[in-house]
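Visitor: Chain order of the listed sequences is B and E.
This note's numbering applies: residue 1 is where the first sequence begins, and numbers increase by one.
This note's numbering applies: residue 1001 is where the second sequence begins, and numbers increase by one.
2 protein chains.
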Amino acid sequence: MKDKPLILVTNDDGITAPGIRTLINVMKTLGDVVVVAPDSPQSGMGHAITLDSTLHIEKIHVKNGDYHAYSCSGTPADCVKIAVNEILDRRPDLVVSGINHGSNSSINVIYSGTMSAAIEAGIEGIPAIGFSLLDYSWNADFEPSKPFIKTIVKNVLKEGLTDGIVLNVNIPNLQQKKIKGIKVCRQARANWKEKFDKRKTPQGKDYYWLTGTFVNYDKGKDTDEWALEKGYISVVPVQFDLTAHHALQQLNTWNLNE
Amino acid sequence: MKDKPLILVTNDDGITAPGIRTLINVMKTLGDVVVVAPDSPQSGMGHAITLDSTLHIEKIHVKNGDYHAYSCSGTPADCVKIAVNEILDRRPDLVVSGINHGSNSSINVIYSGTMSAAIEAGIEGIPAIGFSLLDYSWNADFEPSKPFIKTIVKNVLKEGLTDGIVLNVNIPNLQQKKIKGIKVCRQARANWKEKFDKRKTPQGKDYYWLTGTFVNYDKGKDTDEWALEKGYISVVPVQFDLTAHHALQQLNTWNLNE
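#1: Can you tell me whether E/C1072 is helix, strand or coil according to DSSP?
#2: Flag E/T1016 as yes if its beta-carbon sits less than 8 Å from any beta-carbon of chain B, otherwise no.
#3: Hey, E/P1041 and E/P1076 are a contact pair by Cβ (cut 8 Å); roughly how many whole angstroms apart?
#4: Report the residues of the segment 1200-1215 of chain E with a CB closer than 7 Å to any CB of chain B, ordered along the chain.
#5: What do you get for E/W1226, buried or exposed, if any count of 16 or more other CB atoms within 10 angstroms of its CB means buried?
#6: How would you list, in chain order, the residues of chain E whose beta-carbon sits under 7 Å from the beta-carbon of B/V109?
#7: So within the segment 1151-1233 of chain E, which uninterrupted beta strand (DSSP E) runs reach at least 3 residues, ignoring any that extend past its ends?
#8: Hey, is the segment 129-147 of chain B in contact with the segment 97-115 of chain B, meaning 3+ C-beta pairs nearer than 8 Å?
#9: Taking all protein chains shown into account, decide if E/N1053 is buried (16 or more other Cβ within 10 angstroms of its Cβ) or exposed.
#10: Is the CB of E/Q1175 under 8 Å away from at least one CB in chain B?
#11: Could you tell me which of E/K1004, E/P1005 and E/G1019 sits nearest to E/N1011, measuring between CA atoms?
#12: With DSSP run on the structure shown, which of helix, strand or coil describes E/A1247?
#13: Residues bridged to B/N100 by DSSP?
#14: Starting from B/K59, follow its DSSP beta bridges and name the residues at the other end.
#15: Looking at C-alpha atoms only, which residue of B/A128, B/I60, B/A244 and B/S106 is the closest neighbour of B/P92?
#16: Determine, using beta carbons only, whether B/H101 comes closer than 8 Å to chain E.
#17: From E/M1001 to E/L1251, what distance separates their C-alpha atoms?
#18: Three-state secondary structure (DSSP) at E/T1022?
#19: Against chain A, does B/V169 count as a neighbour if the rule is that its beta carbon must be under 8 Å from one of theirs?
#20: Going along the chain, which residues of its own chain have a beta-carbon closer than 7 Å to the beta-carbon of B/P144, five neighbours each way excluded?
#21: Using a Cβ distance threshold of 8 Å, determine whether the segment 1061-1073 of chain E contacts the segment 1193-1201 of chain E, with at least three qualifying pairs required.
#22: From the DSSP secondary-structure annotation, give me the bridge partner or partners of E/I1007.
#23: Does any C-beta atom of chain E lie closer than 8 Å to the C-beta of B/N85?
#24: Exposed or buried, which one is E/R1186 when buried takes at least 16 other CB atoms within 10 Å?
#25: Taking E/N1168 as the reference, give the member of E/A1140, E/T1201 and E/S1097 with the closest Cα.
#26: Which same chain residues end up closer than 7 Å to B/H245 when comparing Cβ atoms and leaving out the 5 residues on each side of it in sequence?
#27: Which one or two residues does DSSP pair with B/P237 in a beta bridge?
#28: Check B/P144 in the structure and name its three-state DSSP category.
#29: Could you give the residue range of the alpha helix (DSSP H) that holds B/T114?
#30: Is B/K183 closer than 8 Å to B/R217 when the C-beta atoms are compared?
#31: Do you know offhand how far E/P1172's Cα is from B/L94's?
#32: With 8 Å set as the bound, which would you pick, yes or no: does the beta-carbon of B/V153 sit closer than that to a beta-carbon of chain E?
#33: What residues from chain B crowd round E/S1145, counting only those whose CB sits closer than 8 Å?
#34: Under 8 Å, do E/N1191 and B/I123 count as touching if we go by C-beta distance?
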């Protein structure tokens, strides 16, 4: 008989990232943990999957032996697919991804490998949460986020998630006592103003680095950006039915079949 | 004075794919065309962007000189970003992506490089359409789709698109006279049942190929899958606000701050 929930842990910064260590440690207090994470960083991979090359998995030695871990040569979405189909001997009760080193709030959800793993789990019908800390540093302090992550995960394990949604959780980079609480939010309307840093190779050919500035156009007080700026942890329910249902009616007035 | 619309053409199968040739030829009848497309196939890349390596662009020689073309070392989303910010001398009136060799209907939109280019344009506030033909073959017959693509593009150039949406167009693999028309649809609820084909390297180590079967759970007659099966071209308005607005109220009943 199953007594503890089975929790699959993954991320997009790779299996050696400090963020996933923290997430593993919190999850061990809540269930049986299996880790399947990329063998190298996959940030900015969006919802990529590996169709045209082979996938490799390696069992990782875990010191205390209190969970199982595997590294995978693929993307975060690949990790979830291969975990559920090849590695796990039963269906996980929850998939958690992160803790990402850096924000996945507002439009960043679109580019996020962390969230692609959660969304992949959601597509498979498994409750899933992506966690991100607003600090890109490898030495980010993940300690303050621990009790909040525990609260959110306990709620999801107890209540479940509506079919077709996963949670996008972003955590402000603050000391624990400065974090004001957890807020359910909508995704802010924002984007990146790109700037390409144009350089020359030693051979004199142009090349580019993508850089940019994040611009929040959204003045709403119900958005993830607003919550994070005010010191709250943001929780956005994310869907993978991308249909803009509100636009169907207008499109049906077009002359597409004359 | 600008008399013709400026149309940016991209794709995810790479600049040499037959599908993009067809799209370029149709777009030349409707506006001034600039092509910025990946220098190699990018299928299954989702909404990946290149953050950790350099981007290179090459001007491509075009025989008749009736449009400009560039290949880019990045993903489809990179192509749109670098085109808008570095290559084009004015903002495009429309971005079209495709014609993809293979379906991007229903859940495939999530994994689609073709659609990531259209969505990236949408994020930048530019009307955008992704086109896909339901034939994976390199020798697919794109001729029948031409008049329908022209109709859809003319409507978008005339009517514009609501802020925050782009169009996902899928075309059945049929002779022109067998195509019944164009239908505005919602994304069908469907997914892939993965199957990993497990093999051994010559050295005896396991590795995997991702394969799978597409499963449509959706019985609705207003979905893209239904339309395509019945011989229609499907047009789904796609949004990049991923907030599941219908789930906000329920999440707000949780005890997240006790």
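Beta carbons: idealized from backbone N, C-alpha and C, even for Gly.
Guide: Considering the structure as presented:
#1: Position 72 of the second sequence, counted from the start, is the residue given in the question as residue 1072 of chain E. In the structure shown, E/C1072 sits in a strand (DSSP, three-state: E or B).
#2: The residue labelled residue 1016 of chain E in the question sits at position 16 within the second sequence. By this cut-off, E/T1016 is not an interface position.
#3: One-based indexing of the second sequence puts residue 1041 of chain E at position 41. One-based indexing of the second sequence puts residue 1076 of chain E at position 76. Beta-carbon to beta-carbon, E/P1041 and E/P1076 are separated by about 11 Å, too far to satisfy the 8 Å threshold.
#4: When C-beta distances to chain B are compared with 7 Å, the residues of the segment 1200-1215 of chain E below that value are Y1207, Y1208, W1209 and L1210, in chain order.
#5: Position 226 of the second sequence holds residue 1226 of chain E. Under the 10 Å beta carbon count, E/W1226 is surrounded by 16 or more other beta carbons and is classified as buried.
#6: The count along the first sequence starts at 1 and reaches residue 109 of chain B at position 109. Going along chain E in sequence order, the residues near B/V109 (Cβ under 7 Å) are L1242.
#7: Runs of the beta strand (DSSP E) inside the segment 1151-1233 of chain E: 1165-1171, 1181-1184, 1190-1200 and 1206-1216.
#8: Output reads yes: the segment 97-115 of chain B touches the segment 129-147 of chain B.
#9: For the purposes of this step, residue 1053 of chain E is identified with residue 53 of the second sequence, where counting begins at 1. Strictly speaking, residue 1053 of chain E in this sequence is Ser, with Asn absent from that position. Exposed, because fewer than 16 other Cβ atoms sit within 10 Å of the Cβ of E/S1053.
#10: On the second sequence, residue 1175 of chain E is found 175 positions in, with the first residue counted as 1. Output row for E/Q1175: interface = no.
#11: By one-based count along the second sequence, residue 1011 of chain E stands at place 11. Ranking the options by Cα distance to E/N1011, first place goes to E/G1019.
#12: By 1-based counting over the second sequence, the position of residue 1247 of chain E is 247. In the three-state scheme derived from DSSP, where H, G and I count as helix and E and B as strand, E/A1247 is classed as helix.
#13: Indexing the first sequence from 1 puts residue 100 of chain B at position 100. Partner(s): B/S132.
#14: On the first sequence, residue 59 of chain B is found 59 positions in, with the first residue counted as 1. Bridge partners of B/K59: B/Y70.
#15: Counted from its first residue, the first sequence places residue 92 of chain B at position 92. When each option's Cα is compared against that of B/P92, the closest is B/A128.
#16: Indexing the first sequence from 1 puts residue 101 of chain B at position 101. With a threshold of 8 Å between beta carbons, B/H101 makes no contact with chain E.
#17: Translated into positions along the second sequence, residue 1001 of chain E becomes position 1. Translated into positions along the second sequence, residue 1251 of chain E becomes position 251. Confidence at E/M1001 is low in this model, with a pLDDT of 44, below 50, so its placement is unreliable and the value that follows should be read with caution. Going by the C-alpha atoms only, they are around 52 Å apart.
#18: Taking the first residue of the second sequence as 1, we reach residue 1022 of chain E at position 22. If DSSP states are grouped into helix, strand and coil, E/T1022 belongs with the helices.
#19: Of the protein chains in the structure, B and E, none is chain A.
#20: Position 144 of the first sequence, counting from 1, holds the residue named residue 144 of chain B. Leaving aside the five residues that flank B/P144 on each side, the residues in its chain whose CB is nearer than 7 Å to its CB run, in chain order, L174, Q175, Q176 and I179.
#21: Verdict: no, contact absent.
#22: As a position in the second sequence, residue 1007 of chain E is number 7, starting the count at 1. Answer is E/V1033 and E/L1094.
#23: Sequence index remark: in the first sequence, residue 85 of chain B carries index 85 (1-based). Yes - at least one Cβ of chain E is within 8 Å of the one on B/N85.
#24: Taking the second sequence and counting its residues from 1, the one referred to as residue 1186 of chain E is at position 186. Under this definition E/R1186 is a buried residue.
#25: Within the second sequence, numbered from 1, the residue matching residue 1168 of chain E stands at position 168. Nearest of E/A1140, E/T1201 and E/S1097 to E/N1168, Cα basis: E/S1097.
#26: Taking the first sequence and counting its residues from 1, one reaches residue 245 of chain B at position 245. Cβ-Cβ distances below 7 Å link B/H245 to nothing in the same chain once the five nearest sequence neighbours on each side are left out.
#27: Along the first sequence, one-based indexing puts residue 237 of chain B at 237. Beta-bridge pairing links B/P237 to B/L167.
#28: Against the first sequence, residue 144 of chain B aligns to sequence position 144. DSSP places B/P144 within a helical segment (H, G or I) once states are collapsed to three.
#29: What you label residue 114 of chain B is simply residue 114 of the first sequence in a count that begins at 1. The continuous alpha helix (DSSP H) containing B/T114 extends over residues G113 to I123.
#30: If you number the first sequence from 1, residue 217 of chain B lands on position 217. If you number the first sequence from 1, residue 183 of chain B lands on position 183. Looking at the sequence shown, residue 217 of chain B is not Arg but Tyr. Note that the C-beta distance between B/Y217 and B/K183 is not below 8 Å.
#31: The residue you call residue 1172 of chain E lines up with position 172 of the second sequence. The residue you call residue 94 of chain B lines up with position 94 of the first sequence. Approximately 37 Å, taken between the alpha carbons.
#32: Taking the first sequence and counting its residues from 1, one reaches residue 153 of chain B at position 153. Chain E has no Cβ within less than 8 Å of the Cβ of B/V153.
#33: By one-based count along the second sequence, residue 1145 of chain E stands at place 145. Within chain B, no residue comes near E/S1145; the closest Cβ sits about 14 Å away, beyond 8 Å.
#34: Against the second sequence, residue 1191 of chain E aligns to sequence position 191. Against the first sequence, residue 123 of chain B aligns to sequence position 123. Yes, Cβ-Cβ distance for E/N1191 and B/I123 is below 8 Å.
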